[in-house]
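The structure appears right after this line, and notes come after that.
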Amino acid sequence: MKQKFTILFDLDGTLVDTAPDLMLAHNHVMKKFGYPTKSLDELKSAVGQGAGVMIGRSIWSQAKKELTSINEKIKNEMTDEFISYYGNNILNKSTLMIGVKDFLNWCKKENISMAVCTNKTEHLAVDLLKKIGIYDYFEYVAGYNTFDYCKPDPRHITTIIEILDGSKNKSIMIGDSESDANAAKAAEIPMILLEDGYTEKNIDEIYHNHLIKDFVGIEKIISQYL
5 MKQKFTILFD LDGTLVDTAP DLMLAHNHVM KKFGYPTKSL DELKSAVGQG
55 AGVMIGRSIW SQAKKELTSI NEKIKNEMTD EFISYYGNNI LNKSTLMIGV
105 KDFLNWCKKE NISMAVCTNK TEHLAVDLLK KIGIYDYFEY VAGYNTFDYC
155 KPDPRHITTI IEILDGSKNK SIMIGDSESD ANAAKAAEIP MILLEDGYTE
205 KNIDEIYHNH LIKDFVGIEK IISQYL
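Counting from 5, one number per residue, gives the positions in the sequence shown under the numbering used here.
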């Protein structure tokens, strides 16, 4: 029996444009705890590494100005508040990236194994995928807290491939940031990078084998690997 090809997808900024809802949740927390809010563009660069890192970076900006250190207890309280608020408002303004549904249908017809590898909290990732209507396409969903490691650790990718009974030489990662790319590079699998990702890095600073604007026509790239 021919071994299946495996595609691993990042979630935020890759499958779904979640930045508008993440910004609402982030700014709710900032206001509640007395910190400055951020614009959509400012927030996008901090999304890819999970809620704790995003909140930490936001309050560090203020701590630097005040020449103080981050209060870890407050940071953890803010992160919990963010996860709670975001969980209750997860699909107000978020939308699927252009071409995603058609591509997922094509992959299904081609008998390709699909999984989500995200630094979002696992239960939030599952909830979002269900509510936006694409959860059933995926054989596995791994969040930042599914294992004892997450992107850019390559084991976040390789463990999923093992669980799906796949192989590194028949796998590819699709993502939008350096967390995805660094994990893919360390795992020694090809990387498809979305332009305009949730990152502050320039495209030429991020490892990738292919660059795409959206999911329209991506079948041509994947077909090269099948």
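In this text, a Cβ means the ideal position worked out from N, Cα and C, and glycines have one as well.
Cβ-based neighbour list, residue i, same chain, cut-off 6 Å, excluding 5 preceding and 5 following
{"i": "THR162", "result": "ALA191"}
{"i": "GLY60", "result": "LYS79"}
{"i": "CYS154", "result": "ASN123, TYR148 and HIS160"}
{"i": "VAL130", "result": "VAL145"}
{"i": "LYS217", "result": "GLU199"}
{"i": "GLY201", "result": "GLY17, ASP180 and SER181"}
{"i": "ILE226", "result": "none"}
{"i": "LEU230", "result": "PHE9"}
{"i": "ASN31", "result": "THR41"}
Per-residue burial, residue i [other beta carbons within 10 Å of its own, 16 or more giving buried]
{"i": "VAL145", "result": "buried"}
{"i": "GLY17", "result": "buried"}
{"i": "LYS189", "result": "buried"}
{"i": "SER183", "result": "buried"}
{"i": "GLU70", "result": "Below a pLDDT of 50, predicted positions are generally treated as unreliable, and GLU70, at 48, falls in that range; the measurement from the model is reported next regardless. By the 10 Å Cβ count, GLU70 comes out exposed."}
{"i": "GLY170", "result": "buried"}
{"i": "LYS77", "result": "exposed"}
{"i": "GLY221", "result": "exposed"}
{"i": "LYS48", "result": "buried"}
{"i": "ASP208", "result": "exposed"}
{"i": "LYS42", "result": "buried"}
{"i": "LEU197", "result": "buried"}
Contacting residues, own chain, Cβ-Cβ under 8 Å from residue i (five flanking each side not counted)
{"i": "ILE87", "result": "ALA55, THR125 and LEU128"}
{"i": "PRO24", "result": "LEU44, ASN96, LYS97 and SER98"}
{"i": "PHE219", "result": "MET101, ILE102, GLY103, VAL104, ASP106 and PHE107"}
{"i": "PHE151", "result": "ARG159, HIS160 and THR163"}
{"i": "HIS214", "result": "PRO194, MET195, ILE196, LEU197 and ILE225"}
{"i": "ASP21", "result": "SER98, THR99, LEU100 and MET101"}
{"i": "LYS172", "result": "THR162, ILE165, ALA191, GLU192 and ILE193"}
Sheet register partners of residue i (DSSP bridge)
{"i": "GLY170", "result": "Looking at the DSSP assignment, GLY170 forms no beta bridge with any residue, so it has no partner."}
{"i": "VAL20", "result": "ASP16 and LEU100"}
{"i": "ALA119", "result": "LEU12 and TYR144"}
{"i": "LEU215", "result": "LEU197"}
{"i": "MET34", "result": "Note: MET34 sits in no beta bridge, so no partner."}
{"i": "ILE176", "result": "ILE11"}
For residue i, the nearest candidate out of the options (CA to CA)
{"i": "HIS212", "options": "PRO194, TYR90 and ASN31", "result": "PRO194"}
{"i": "ALA29", "options": "LEU168, ILE116, TYR89 and THR150", "result": "TYR89"}
{"i": "MET118", "options": "ASN31, ILE176, ILE63 and ASP152", "result": "ILE176"}
{"i": "LYS4", "options": "VAL20, TYR141, LEU197 and VAL57", "result": "Any answer about residue 4 is impossible in this case: the structure gives the chain only from 5 up to 230."}
{"i": "ALA185", "options": "GLN7, THR10, PHE9 and ASP14", "result": "ASP14"}
{"i": "ILE11", "options": "ASN92, LEU47 and GLU166", "result": "GLU166"}
{"i": "TYR139", "options": "GLN7, LYS205, LEU19 and GLU209", "result": "LEU19"}
{"i": "PRO156", "options": "ALA187, MET58 and THR203", "result": "ALA187"}
{"i": "ASP84", "options": "VAL33, LEU215, ILE63 and ASP21", "result": "VAL33"}
{"i": "GLU81", "options": "CYS121, ILE178 and LYS36", "result": "LYS36"}
{"i": "GLU204", "options": "ILE116, LYS174, ASP21 and GLU46", "result": "GLU46"}
{"i": "GLY91", "options": "MET27, ASN173 and ILE116", "result": "MET27"}
Own chain, CB closer than 7 Å to residue i, minus 5 neighbours either side, in chain order
{"i": "ILE94", "result": "ASP25, LEU128, ASP131, LEU132 and LYS135"}
{"i": "TRP110", "result": "GLU223"}
{"i": "GLY137", "result": "none"}
Residue-chain proximity (residue i, chain B), Cβ-Cβ < 9 Å
{"i": "HIS214", "result": "Absent from the structure is chain B; it holds one protein chain and no more."}
heavy atom of the ligand ATP below 8 Å from residue i C-beta
{"i": "ASN92", "result": "For the ligand ATP, the structure offers nothing, since it holds no ligand at all."}
TODO: For the stretch 179-212, list the beta strand (DSSP E) runs that are entirely contained and at least 3 residues long, ordered along the chain.
DONE: List check, beta strand (DSSP E) in window: 195-198.
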